[in-house]
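Visitor:
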Amino acid sequence: MKYFKSSTLVVLISILMGCGGGGESESKAAAPEPIAVVSDPPQDNTVKKTADIVADADFDFSTKFNLKLDAKLAGLDQRAYLNVCLAPEEGNKVNLNSCLFRAPLNENGLTESIMISHSEIKLVAQVWFYDGSTTPLQYEWQYQGEQAEQSFLIR
Numbered sequence: 019m020k021y022f023k024s025s026t027l028v029v030l031i032s033i034l035m036g037c038g039g040g041g042e043s044e045s046k047a048a049a050p051e052p053i054a055v056v057s058d059p060p061q062d063n064t065v066k067k068t069a070d071i072v073a074d075a076d077f078d079f080s081t082k083f084n085l086k087l088d089a090k091l092a093g094l095d096q097r098a099y100l101n102v103c104l105a106p107e108e109g110n111k112v113n114l115n116s117c118l119f120r121a122p123l124n125e126n127g128l129t130e131s132i133m134i135s136h137s138e139i140k141l142v143a144q145v146w147f148y149d150g151s152t153t154p155l156q157y158e159w160q161y162q163g164e165q166a167e168q169s170f171l172i173r
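To convert, count from 1 in the sequence shown and add 18; that's our numbering.
#1: Quick check: what's the CA-CA separation for Glu138 versus Gln165?
#2: Please check the pair Cys103 and Leu118, which I expect to be a contact at CB under 8 Å, by giving their CB distance rounded to whole angstroms.
#3: Closer than 6 Å by C-beta to Glu125: which residues in its own chain qualify, once you throw out the five before and the five after it? Chain order, please.
#4: Look up Ile134 in the DSSP assignment and say whether it is helix, strand or coil.
#5: Could you check where the beta strand (DSSP E) with Gln168 kicks off and where it finishes?
#6: Of all the options Met133, Arg97, Asn110, Lys111, which has the alpha carbon lying nearest to the alpha carbon of Ser151?
#7: Which partner residues of Pro122 appear in the DSSP bridge assignment?
#8: Can you say whether Gln162 is buried or exposed, counting buried as having 16 or more other CB atoms within 10 angstroms of its CB?
#9: The beta strand (DSSP E) spanning Leu94 covers which residue range?
#10: Helix, strand or coil, according to DSSP, for Ala143 in the structure here?
#11: Between Ile172, Glu167, Val29, Tyr148, which lies nearest to Met3 when the distance is taken from Cα to Cα?
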């Protein structure tokens, strides 16, 4: 029994010492180094890597905007149809497969909002008449950077 007590005591002491129960030198975990924040762009304004790009906090990198379509033709006494399409190259016809908006138009007119993907486009609106005897009316629109709200008035 004395042998059992002695061996148990030796085992317990070795377990306590193995768990860090003694000694004066304690190792501390090294604190992570702070990350440097770039606040100013490079002086030569040459971007060499993505980390060199600096943007305002309120800049969202989105080129989308809403365009308000407002179509009302005075004296419209017949059925008509409105196409809003990408403007063709000079001298070419409008490609009807490039239309962003199509809708019937009557004497009440219409007001719609459409999402445009970027500001570097030019649009053309055509008003076609169902009877086919009248030449389609055509209107052009281009982005106006100085205006807060973009609108395409078709009158």
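Ideal Cβ positions, reconstructed from N, Cα and C, are used throughout, including at glycine.
Guide: In terms of the structure at hand:
#1: 15 Å
#2: 7 Å
#3: Same-chain partners within the cutoff: Leu94.
#4: strand
#5: 168–172
#6: Arg97
#7: Tyr99
#8: exposed
#9: Premise fails: Leu94 is in no beta strand (DSSP E) and is neither H nor E.
#10: strand
#11: The question about residue 3 has no answer here: the residues shown for the chain are numbered 19 through 173.
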